[in-house]
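Chemist:
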Amino acid sequence: MKTSILSLLSAGLLLAGCGQKGVKSDKLVIATSFYPMYLATANIADGVPGVQVVNITRPTTGCLHDYQLSPEELKNLSQASIFVVNGAGMESFFQKAVDQMPNLKIIEASAGVPLVKGDGETGDNPHVWVSVSGAMQQVNNIAAGLIKHDPEHAPQYRANADKYLARLDSLRVKMLRELKPAAGRDIITFHEAFPYFAQEFGLKIAAVIEREPGSEPSAAELAQTIKLVRQKKIKALFAEPQYPAKAAQSIARETGAKVFILDPVSTGPMEDLDYYITAMEKNLEVLREALR
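Going by numbering that gives the first Met the number 0, the sequence shown opens with residue 0, and the numbers climb by one from there.
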């Protein structure tokens, strides 16, 4: 950012006077970095008195590639006591702002989760939540962090987390059972959001259409993917609802493969705390059709 973090914070705090829309100063404010962290945290803190969960980045934003914080978003973060992040390199752009808030307590949802490497020079792949088992590990980490930093509400956090974990585990068992016949199948995904998902359900990612969303593949990369689709007789390409499917559609036209939509649940409705489960159920339906 060209403007200093302190200047942006000052500007943000002047917006809307002393109060922030939707944030109550008498509440313990728990901030989350983006939509998947919001869903997990809001389920754990649901109905806990005196606690408010707010999301910092725009809910229409996909994965936080090249994201830049606005003064309003910095203001929201400055009013929080606890900040829940995915970790694994997803929120590196937050670091300068967080360094200016020494009293802000950080909960890293991916702490202790075995990470897979991204492609090339991208480091660890941060898309842990796209695996249901990964999402469950994150829920446990978030619950443990909230209990540590807000012990007064420990019983409510634990009860909510256990209830949500039971629902996620039922989803995981169902998906494992119904995707078992597709184990070992090659799939081609839009970007590197699905390695944990594929690992969990026994699928193989043969290629990725765009390494980073918004960076369209070169003609040579497209040709290579088209060749791979033909060689392996791949019938399904998976795009994501957050991004245009232009490249996937180009490959489909050349190969006869069909484009399907898989949702990594990086965006969704803020008011629907069941959306992760709903979206994964839809992903299951899509995969059953695409891989039959």
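Backbone N, C-alpha and C define an ideal beta-carbon position, used for all residues, glycine too.
Can you tell me the Cα-Cα spacing of L63 and Q230, whole angstroms?
Modeler: Approximately 34 Å, taken between the alpha carbons.
Chemist: Can you list, in chain order, the residues of its chain whose CB lies under 6 Å from that of P240, leaving out five sequence neighbours each side?
Modeler: Closer than 6 Å at the Cβ level, and outside the excluded window around P240, lie I260, D262.
Chemist: Indicate whether at least one CB of chain C lies closer than 8 Å to the CB of H190.
Modeler: The structure shown has no chain C; it contains just one protein chain.
Chemist: The alpha helix (DSSP H) spanning N289 covers which residue range?
Modeler: Correcting the residue type first, residue 289 is Ala in the shown sequence and not Asn. Counting along the chain, the alpha helix (DSSP H) containing A289 begins and ends at 274-289.
Chemist: Which parts of the region 195-256 are runs of the alpha helix (DSSP H), unbroken and 4 residues or longer, counting only runs that do not cross its ends?
Modeler: With a minimum length of 4 residues, the continuous alpha helix (DSSP H) runs that stay inside the region 195-256 are 218-231, 245-254.
Chemist: For the region 141-183, which segments carrying the alpha helix (DSSP H) assignment without a break, of at least 4 residues, lie completely within its bounds, in sequence order?
Modeler: 153-178, all fully within the region 141-183.
Chemist: Which of the three DSSP states, helix, strand or coil, is assigned to K116?
Modeler: The answer is strand: DSSP assigns K116 an E or B state.
Chemist: What would DSSP say about V264, mapped onto helix, strand or coil?
Modeler: DSSP places V264 in coil when its eight states are reduced to three.
Chemist: So, under 8 Å CB-CB, T31 and V50 are touching, yes? Tell me the CB distance rounded to an integer number of Å.
Modeler: Rounded, the Cβ-Cβ distance is 13 Å, inconsistent with contact.
Chemist: With distances taken from CA atoms, which of R171, L68, A110 is nearest Q319?
Modeler: In the structure as shown, the chain starts at 0 and stops at 291, and residue 319 therefore has no counterpart that could be examined.
Chemist: The beta strand (DSSP E) with K74 in it runs from where to where?
Modeler: Not the beta strand (DSSP E): K74 falls in the alpha helix (DSSP H), residues 70-77.
Chemist: What did DSSP end up calling D98 once you bin it into helix, strand or coil?
Modeler: If DSSP states are grouped into helix, strand and coil, D98 belongs with the helices.
Chemist: If you follow the alpha helix (DSSP H) that A30 is part of, which residue opens it and which one closes it?
Modeler: That residue, A30, is in no alpha helix (DSSP H); its beta strand (DSSP E) goes 27-31.
Chemist: Tell me which residue opens and which closes the alpha helix (DSSP H) that N124 is part of.
Modeler: Neither: N124 is in no alpha helix (DSSP H) and is coded neither H nor E.
Chemist: How far does the beta strand (DSSP E) with N54 in it reach, from first residue to last?
Modeler: Per DSSP, N54 belongs to the beta strand (DSSP E) from 50-54.
Chemist: If we ignore side chains and look at the alpha-carbon of each, how far apart do M174 and Q99 end up?
Modeler: Using only the alpha carbons, I get a separation of about 43 Å.
Chemist: Identify the residues that DSSP records as bridge partners of V83: which are they?
Modeler: Partner(s): T31, I106.
Chemist: Taking E199 as the reference, give the member of D168, L227, Y156 with the closest Cα.
Modeler: With distances taken between Cα atoms, E199 lies closest to D168.
Chemist: Going by DSSP in three states, V129 sits in which element: helix, strand or coil?
Modeler: If DSSP states are grouped into helix, strand and coil, V129 belongs with the helices.
Chemist: If contacts are defined as beta-carbon pairs under 8 Å, then G133 and V112 qualify, I think. What distance do you get, rounded to the angstrom?
Modeler: Their Cβ separation, rounded to whole angstroms, is 6 Å, which keeps G133 and V112 in contact under 8 Å.
Chemist: Determine the burial state of A182: buried for a count of at least 16 other Cβ atoms within 10 Å of its Cβ, exposed for fewer.
Modeler: By the neighbour-count rule (16 or more Cβ atoms within 10 Å), A182 is not buried but exposed.
Chemist: May I ask you to list the residues that DSSP assigns as paired with I187?
Modeler: Looking at the DSSP assignment, I187 forms a beta bridge with A206, L236.
Chemist: Straight-line CA distance for E280 to V264?
Modeler: Answer to the nearest angstrom: the Cα atoms are 11 Å apart.
Chemist: Let's test the definition: count the other Cβ atoms within 10 Å of the Cβ of D161 and tell me whether it reaches 16, buried, or not, exposed.
Modeler: Exposed, since its Cβ has fewer than 16 Cβ neighbours within 10 Å.
Chemist: Looking only at DSSP bridge pairs, what is F259 linked to?
Modeler: Looking at the DSSP assignment, F259 forms a beta bridge with F237.
Chemist: On the three-state DSSP scale, how would you describe F193?
Modeler: Of the three classes helix, strand and coil, the one that applies to F193 here is coil, per DSSP.
Chemist: Would you call the region 24-44 in contact with the region 134-148, where contact means no fewer than 3 C-beta pairs closer than 8 Å?
Modeler: In short, these stretches touch, since the Cβ pair count reaches three.
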